[in-house]
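> Everything in the sequence shown is counted per the UniProt record's numbering, starting at 1 for the first residue and increasing by one. Yeah, the Cβ is synthetic: ideal placement off N, Cα and C, and Gly gets one too.
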Amino acid sequence: MSVPRLITLAILISLSAYAYDFRFELEGNYEYLSPHNTYGSWKSGFLRLYHKPVQGFTYFLEGGAFSREHEGDAVLGVLGAYKDWSPWLYTYTSFSAGSNSTYLPKYRLDHEFNFKVGEKMNIIPSIGFTYAKYHDVHKDYIIYPGISYYGEGFVLTYKHFINKSDPGSVTSSSDLISFGIGQEGKSWTYLDISYGKQAYLATYLANPQEVRQKALYISLSHRQWIKKDLGLFGGLSYLKLKNGYEKYGVKAGIFKDF
Numbered sequence: 001m002s003v004p005r006l007i008t009l010a011i012l013i014s015l016s017a018y019a020y021d022f023r024f025e026l027e028g029n030y031e032y033l034s035p036h037n038t039y040g041s042w043k044s045g046f047l048r049l050y051h052k053p054v055q056g057f058t059y060f061l062e063g064g065a066f067s068r069e070h071e072g073d074a075v076l077g078v079l080g081a082y083k084d085w086s087p088w089l090y091t092y093t094s095f096s097a098g099s100n101s102t103y104l105p106k107y108r109l110d111h112e113f114n115f116k117v118g119e120k121m122n123i124i125p126s127i128g129f130t131y132a133k134y135h136d137v138h139k140d141y142i143i144y145p146g147i148s149y150y151g152e153g154f155v156l157t158y159k160h161f162i163n164k165s166d167p168g169s170v171t172s173s174s175d176l177i178s179f180g181i182g183q184e185g186k187s188w189t190y191l192d193i194s195y196g197k198q199a200y201l202a203t204y205l206a207n208p209q210e211v212r213q214k215a216l217y218i219s220l221s222h223r224q225w226i227k228k229d230l231g232l233f234g235g236l237s238y239l240k241l242k243n244g245y246e247k248y249g250v251k252a253g254i255f256k257d258f
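Pasting the structure below:
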């Protein structure tokens, strides 16, 4: 089963540098799928609120609304936090819950450890874990080691995802490469490329069968400050699911600091 990305990698990377007390974000997405008669279009919108009550701790709330032509409407809620534990360790944790649908998790838990190493503490090995329970019998268990390098005006990240889907203990893996250039308070541009396989047991068949599909995902996103406390962001994305569909996406949004 596929696990929806609740927060973009660009946001995850840049949060540690934020200097605001509150941030509000509004985002809208439109995705066109082909063959269109079979899959239609997908629309979604998100509201996010970030708050940093003390130095080294940021929590966020997110509400999402989804509409799919052939799969209906659904909503999703997320609560998460980033925490600096020491000069060399910080963590990310989030819990999300979705309304009854075929494409959102009933609930999902994410946790990631990030370690700062190197002379400049700008090399970040990480290890993350995800558990997702869906509204049917399916569950996902994911572990994802990775590493990030923070250079002068750029960030390079690699993550490897290992997924076990139950029932059937069906395993699959994928890889993510992300490259970002920019500066906090001015602009950030990210190119993300993810490739690998989605695999699960199709329990809706009379005789359940294992399903494996190769997937390629590419996204280009940009975040631009137009004032010290105000900015816009947007992006384009493409997903190809072998023996499935192609998806073309566009997103746009605004953020405001307080």
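Output the distance between the C-alpha atoms of F46 and Q224, rounded to the nearest integer angstrom.
18 angstroms
> Can you tell which of I143, A252, E184 and K186 has the C-alpha that lies nearest to the C-alpha of S165?
Distances from the CA of S165 to each of I143, A252, E184 and K186 were compared; the closest alpha carbon is that of I143.
> Can you tell me whether R68 is buried or exposed? The criterion is at least 16 other CB atoms within 10 Å of its CB, across all chains shown.
R68 should be labelled buried.
> Nearest to I177 by alpha carbon, out of P167, G168 and G146?
G146
> To which residues does DSSP link V137 through a beta bridge?
In the DSSP output, where bridge partners are listed per residue, V137 has none listed.
> What are the boundary residues of the alpha helix (DSSP H) that includes residue 276?
Summary: the structure shown does not reach residue 276, with the chain confined to residues 1 through 258, and so no result is reported for it.
> Quick one: what's L104 bridged to in DSSP?
Its beta-bridge partners do not exist; DSSP assigns none.
> Does DSSP classify S169 as helix, strand or coil?
coil
> For E184, count the other beta carbons within 10 Å of its own beta carbon; 16 or more makes it buried, fewer makes it exposed. Which is it?
exposed
> Return the chain-ordered list of same chain residues with a C-beta closer than 8 angstroms to the C-beta of P87, the five sequence neighbours on each side being excluded.
K116 and M121
> May I ask you to report which of helix, strand or coil DSSP gives G80?
strand
> Locate the beta strand (DSSP E) running through Y59, then write down its first and last residues.
F57 to R68
> Using three-state DSSP, classify K116 as helix, strand or coil.
Coil at K116, not helix or strand.
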